[in-house]
Amino acid sequence: MKKNVIVGTIVLLFLMIVSSYTIFYRSQQPILQAEKEATAIAETNANIQKVQDFYWYNGSETYFTLAGIDDNNEELYVIIKKDGGETTILNTAEVITESEAKSITQADKNPERILEARLGIEDEEPVWEVTYKNANDTIGYYLISAISGKWLKDIENI
Numbered sequence: 001m002k003k004n005v006i007v008g009t010i011v012l013l014f015l016m017i018v019s020s021y022t023i024f025y026r027s028q029q030p031i032l033q034a035e036k037e038a039t040a041i042a043e044t045n046a047n048i049q050k051v052q053d054f055y056w057y058n059g060s061e062t063y064f065t066l067a068g069i070d071d072n073n074e075e076l077y078v079i080i081k082k083d084g085g086e087t088t089i090l091n092t093a094e095v096i097t098e099s100e101a102k103s104i105t106q107a108d109k110n111p112e113r114i115l116e117a118r119l120g121i122e123d124e125e126p127v128w129e130v131t132y133k134n135a136n137d138t139i140g141y142y143l144i145s146a147i148s149g150k151w152l153k154d155i156e157n158i
């Protein structure tokens, strides 16, 4: 009897682990597929040779952005509109970087913690959307112009 309980528990744990892995794997597929497709577009339109980072921006429209290095060894951001594949290429020397956007948010909002930053386009302007957590456990979004570093929009206490 005791042996059956132990075997049953082991089988149950094994099934839980396999199920958890399957759920996690399937939940990552849309992100991996989007990154794969965006990489192909960036290789074609901007000659990206090495991808350094991938961002998925959901503003008024959805954009996929790749940070990478092209065949001239220049660092670029390639912003690709989800619907239609419209591509915007930005040289990183001409825009603020992710770390600069996070620093601006830290200085302006003084959040408890910066969670992440995503690069996209809002009203035809490249923007950094920085997500942060406040001391009262609420989430905020801070939109910064990627060109000027100026504040555009703030959504707080979500």
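In terms of the UniProt record's numbering, the sequence shown is residues 1 to 158.
Here a beta-carbon is modelled for each residue, glycine too, at the ideal position from N, C-alpha and C.
Please name the residue, chosen from Glu86, Ser148, Asp70 and Tyr132, that lies closest to Gln49 on a Cα-to-Cα basis. Asp70
N- and C-terminal bounds of the beta strand (DSSP E) containing Glu35: Taken as a continuous stretch (DSSP letters only), Glu35 belongs to no beta strand (DSSP E), being part of the alpha helix (DSSP H) at Lys2 to Ala46.
Candidates Asp83, Ile79 and Ala101: which alpha carbon is nearest Asn91's? For the set Asp83, Ile79 and Ala101, the Cα lying nearest the Cα of Asn91 is the one of Ile79.
On the criterion of 16 or more Cβ atoms from any shown chain inside 10 Å, does Ile104 qualify as buried, or is it exposed? Label assigned to Ile104: buried.
For Lys133, which three-state DSSP category applies? strand
With contact counted as at least three CB pairs below 8 Å, one residue from each stretch, are the region 101-121 and the region 31-40 in contact? No: the two stretches stay apart, fewer than three of their Cβ pairs being nearer than 8 Å.
Between the alpha carbons of Trp128 and Gly120, how many angstroms are there, rounded? 7 Å
Length of the line joining the Cα atoms of Lys3 and Val11: Each residue's Cα considered, the two are about 12 Å apart.
Applying the criterion that 16 or more other CB atoms from any shown protein chain within 10 Å of the CB defines a buried residue, is Leu143 buried or exposed? Flag for Leu143 reads buried.
If you draw a straight line from the C-alpha of Tyr63 to the C-alpha of Thr88, how long is it? 10 Å
Does the beta carbon of Ala107 sit closer than 8 Å to a beta carbon anywhere in chain D? Absent here is chain D; the protein component of the structure consists of one chain.
Just list the residues that DSSP pairs Glu122 with in beta bridges. Glu125
For Ile104, name the three-state secondary structure that DSSP assigns. helix
Which of helix, strand or coil DSSP assigns to Ala93: helix
Is Ser99 helix, strand or coil when you go by DSSP? Ser99: helix per DSSP, three-state reduction.
Assigned exposure category for Val5 - 16 Cβ within 10 Å defines buried: exposed
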